[in-house]
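A.B. asks: Below you will find the structure I want to go over with you.
Pasting the structure below:
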C-alpha cells in the first residue's frame with residue numbers, strides 16, 4: 092500500500108449512479124471536515140465481497156455511525172451501474188452506505204492496492220482494504236493481502252478501532 096496513517100488521503104474522481112444518472116464526485120470533497128470510513132474490495136457480486144465484507148458493514152453501519160462517523164463509503168473497480176445494483180440488492184444503499192465506482196482504477200492505483208488476475212477478468216482491481224479518515228487525514232489503514240480473507244478491513248475491526256480511539 093502506498094499510503095499510511097498520518098498521510099492525507101489522495102484525491103480521485105469516482106462515479107456513482109443516482110436519480111440523475113451517472114455522476115462523478117471528487118473523493119476529497121466527501122472527506123473535508125468529516126469522519127469517514129472507506130473500504131475497498133475486489134468486486135461487486137463476488138464471493139467474499141458479497142458474503143462477508145459488504146454484509147459486515149451493512150450489519151454494523153448504525154453502530155459505526157454512532158461512533159461519530161459521518162459517512163461509510165464502499166469503493167470497487169466496477170462501473171457505477173453495477174455498484175448501484177449491488178448496493179440495492181444487498182441493502183447497502185438502504186443503510187446509507189455510499190457505493191462508489193472506480194472504473195479506471197484511479198483511486199486503487201493511487202493507494203497502491205491494485206492486482207490483476209486475467210483468467211477471471213480482474214484487471215487492476217483493488218485488494219481488500221479499509222480506512223478511517225478524519226478531515227482528509229488517514230487515522231486507520233489496513234490491507235488484507237490474502238485472497239478471501241477479511242480481517243483488519245472488516246466492519247468489526249473498524250468498529251473496534253473507533254471504540255478504542
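In my numbering, the protein residues as written are 92 to 256. For each residue, glycine too, the CB sits at the ideal point set by N, CA and C.
Below 7 Å CB to CB, which residues in the same chain sit around residue 197 once its five sequence neighbours on both sides are set aside?
C.D. replies: Residue numbering aside, residue 197 sits at position 106 when the chain shown is read from its first letter. Leaving aside the five residues that flank residue 197 on each side, the residues in its chain whose CB is nearer than 7 Å to its CB run, in chain order, 103, 104.
A.B. asks: Buried or exposed: which applies to residue 223, given that a residue is buried once 16 or more other Cβ atoms fall within 10 Å of its Cβ?
C.D. replies: Taking the chain shown and counting its residues from 1, one reaches residue 223 at position 132. With 16 or more Cβ atoms within 10 Å of its Cβ, residue 223 is classed as buried.
A.B. asks: I'd like the span of the alpha helix (DSSP H) that includes residue 246, first residue to last.
C.D. replies: Within the chain shown, the letter at position 155 stands for residue 246. For residue 246, the uninterrupted alpha helix (DSSP H) run begins and ends at 246-255, by DSSP.
A.B. asks: So, does the stretch 243-254 touch the stretch 153-169, judging by three or more C-beta pairs under 8 Å?
C.D. replies: yes
A.B. asks: Are the stretch 174-187 and the stretch 208-222 touching by the rule of at least three beta carbon pairs closer than 8 Å?
C.D. replies: no
A.B. asks: Distance check for residue 112 and residue 131, CA to CA, integer angstroms please.
C.D. replies: Here the question's residue 131 lines up with position 40 in the chain shown. Here the question's residue 112 lines up with position 21 in the chain shown. The straight-line gap from Cα to Cα measures roughly 23 Å.
A.B. asks: Considering only residues of the stretch 159-190, which uninterrupted alpha helix (DSSP H) runs meet the minimum length of 4 residues and lie entirely inside it, listed in chain order?
C.D. replies: 171-181
A.B. asks: Leaving aside the five residues before and after residue 135 along the sequence, list all residues of the same chain whose C-beta is less than 7 Å from its C-beta, in chain order.
C.D. replies: Position 44 of the chain shown, counting from 1, holds the residue named residue 135. Hits under 7 Å: 167, 169, 173, 174, 177.
A.B. asks: Quick one, which of 107, 110, 122, 109 has its alpha-carbon nearest residue 225's?
C.D. replies: In the chain shown, the residue the question calls residue 225 occupies position 134. The shortest C-alpha separation from residue 225 is found at 122.
A.B. asks: Report the partner residues of residue 104 according to the DSSP bridge assignment.
C.D. replies: For the purposes of this step, residue 104 is identified with residue 13 of the chain shown, where counting begins at 1. Bridge partners of residue 104: 117.
A.B. asks: Out of 229, 235, 190, 186, which has the shortest C-alpha to C-alpha gap to residue 206?
C.D. replies: To locate residue 206, count along the chain shown from 1; it is residue 115. The residue with the shortest Cα to Cα distance from residue 206 is 235.
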